[in-house]
Each structure stands twice: as structure tokens, then as C-alpha cells.
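**Q** I have a structure I would like to understand better, so I am pasting it below and will then ask my questions one at a time.
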Amino acid sequence: MRLAQAVESIRQEAAPLVEERFRQFKELGENGTNEELYSELCFCILTANWSARGGMEAQQLIGVDGFMKMSEEELTESLVRLHHRYPKARASYIVKNRWVVYRLKTLLSLPPTDAREWLVKNVLGIGYKEASHFLRNVGVEDLAILDRHVLSLMRNYGLIDSIPQSLTKQRYLSLEALLKEEARYFGEPPGKFDLYLWYFVKKTVEK
């Protein structure tokens with residue numbers, strides 16, 4: 001059985017949650033302030049090698065203003081309190097990346113792959129997975145988020161032989177193409193398909 005066929009088993013129960021979550025993503029991308037978009041970018045930086053749940057707790061604790069105004073030391077203290085694995089490094093990224101805040105709305109007008117390339121090249125703590133995650137979370141549908149959960153599913157359903165320890169750009173794009181084919185078979189864009197995959201594994205839809 002291919003991955004898309006397996007995920008079909010949860011489509012009906014997951015669909016209302018997926019549609020509501022994606023509506024929220026579109027709303028943020030279309031109507032969110034630059035500062036709110038930056039909070040979401042920080043969320044994606046924080047979840048790398050951590051967890052979506054932890055990233056959401058950080059957003060609640062630090063807040064939109066905190067990501068904009070807190071000192072590196074204050075951010076580090078907040079992340080230590082949340083037991084982040086890399087509090088000092090992530091706090092440093094958040095402070096040093098603030099110059100991008102007022103470019104984010106403009107960035108969303110670019111073709112998705114161009115926007116992703118810009119983020120990877122210019123934003124500390126952002127690789128292809130994190131850039132794809134951010135763009136999906138502001139309503140971009142056609143990029144894949146190749147996190148460990150997704151890579152595990154791809155391995156389990158025969159799309160890849162093993163989970164790569166790291167992903168070069170070329171490798172990321174080649175694996176993304178495989179996942180996009182599964183999304184096409186399932187009948188949803190990759191960004192939405194990711195939420196179905198998340199529900200398939202976790203029985204919940206986070207972000």
C-alpha cells in the first residue's frame with residue numbers, strides 16, 4: 001500500500017481540522033502584521049530539533065512583542081524555562097533576524113520557491129524544512145515539510161530506503177518531489193497533505 005492510500009483511512013475524520021487549520025494559516029498570511037509573521041517565523045526556528053508543541057508554548061510565553069523587543073538574555077531565560085534544547089543559540093537567532101521583519105509581507109508576494117530560497121540564504125536558523133514550514137504556516141500550499149515524522153513515513157512506505165542524517169538542497173528537492181507525487185495521488189497540495197500526515201501519526205493537527 002502506498003502512503004497516500006494509507007492516509008486515506010483518516011481523511012474523513014481529519015478533514016474538518018485540516019481545513020480549519022489551513023484557514024487560519026491563510027488568514028495569517030493575508031491579514032497578519034509583519035510582527036505576527038515574524039512570530040511565526042520564530043516559531044519555525046524554535047521547533048527545529050525541538051517540537052511543535054514547545055514552539056507554540058514559546059509563542060504564548062514570549063508573545064509577538066517579545067520576539068520583537070526582548071533582549072537576547074531575556075529570550076534565553078524564557079527558552080530555558082521551556083526546556084528548549086538550544087536556548088542561547090535560538091535567542092541569538094531571534095535577535096539577529098529582526099532586520100527581516102518588515103520584508104516578510106513583500107516576501108509572500110514572491111513565487112513560493114523563490115521565497116523559500118531567500119529565507120534559506122538570509123535568515124539564521126532556517127533551512128529548507130524550516131522555510132517550507134514557515135511558508136506553509138502563512139498559507140502557501142505547494143511546498144513539502146520534510147521533518148523526521150514525514151521522513152519516517154516515507155521510509156515505512158517504501159519511498160526512501162533510510163532517513164538521511166542531513167539534507168542538502170538537491171536531496172531535499174528530490175525527496176520533496178516524491179512527497180508531492182503522494183500528495184497529488186491523495187488529491188491535496190503538499191502543504192495540506194502534511195497536516196493529514198501529522199494527523200495520521202499523532203491523531204491531532206498542530207502546525
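Using the UniProt record's numbering, read the sequence shown as starting at 1 and increasing by one per residue. Just so you know, even glycine gets a beta-carbon here, dropped at the ideal spot from N, CA and C.
Quick check on this structure: which residue in HIS149, GLU141 and LEU17 has the alpha carbon closest to the alpha carbon of PRO189?
**A** GLU141
**Q** Helix, strand or coil: how does DSSP classify GLU77 here?
**A** helix
**Q** Apply the 10 Å Cβ neighbour rule to HIS83 and answer buried if 16 or more other Cβ atoms are within range, or exposed otherwise.
**A** exposed
**Q** Measure the Cβ-Cβ separation of ALA91 and GLU72 and say whether it is below 9 Å.
**A** Yes, the Cβ-Cβ distance between ALA91 and GLU72 is below 9 Å.
**Q** With distance defined between alpha-carbon atoms, name the residue in ARG23, SER39 and SER166 nearest to LEU104.
**A** SER39
**Q** Taking DSSP as the reference, what is the three-state secondary structure of LEU3?
**A** helix
**Q** Going by C-alpha distance, which of SER78, VAL123 and ASP114 is nearest ARG98?
**A** VAL123
**Q** Quick check on DSSP: helix, strand or coil for THR168?
**A** coil
**Q** Helix, strand or coil for ALA58, going by three-state DSSP, please let me know.
**A** The three-state reading of DSSP puts ALA58 in helix, counting H, G and I together.
**Q** ALA177: buried (16+ other C-beta within 10 angstroms of its C-beta) or exposed?
**A** exposed
**Q** Between which two residues does the alpha helix (DSSP H) holding MET154 run?
**A** 148-156
**Q** Measuring straight from C-alpha to C-alpha, what distance separates LEU175 and GLU35?
**A** 32 Å
**Q** Compute the distance between the beta-carbons of GLU182 and PHE200, then report whether it is under 9 Å.
**A** At least 9 Å separates the beta-carbon of GLU182 from that of PHE200.
**Q** Measure from the alpha carbon of THR168 to the alpha carbon of each residue in LYS129, LEU159 and GLY158, then state which is nearest.
**A** Of LYS129, LEU159 and GLY158, the residue nearest in Cα terms is LYS129.
**Q** Helix or strand or just coil, what does DSSP make of PRO16?
**A** helix
**Q** Specify whether the region 130-150 and the region 18-31 touch according to this definition: at least 3 beta carbon pairs, one from each stretch, less than 8 Å apart.
**A** yes
**Q** With DSSP run on the structure shown, which of helix, strand or coil describes SER109?
**A** coil
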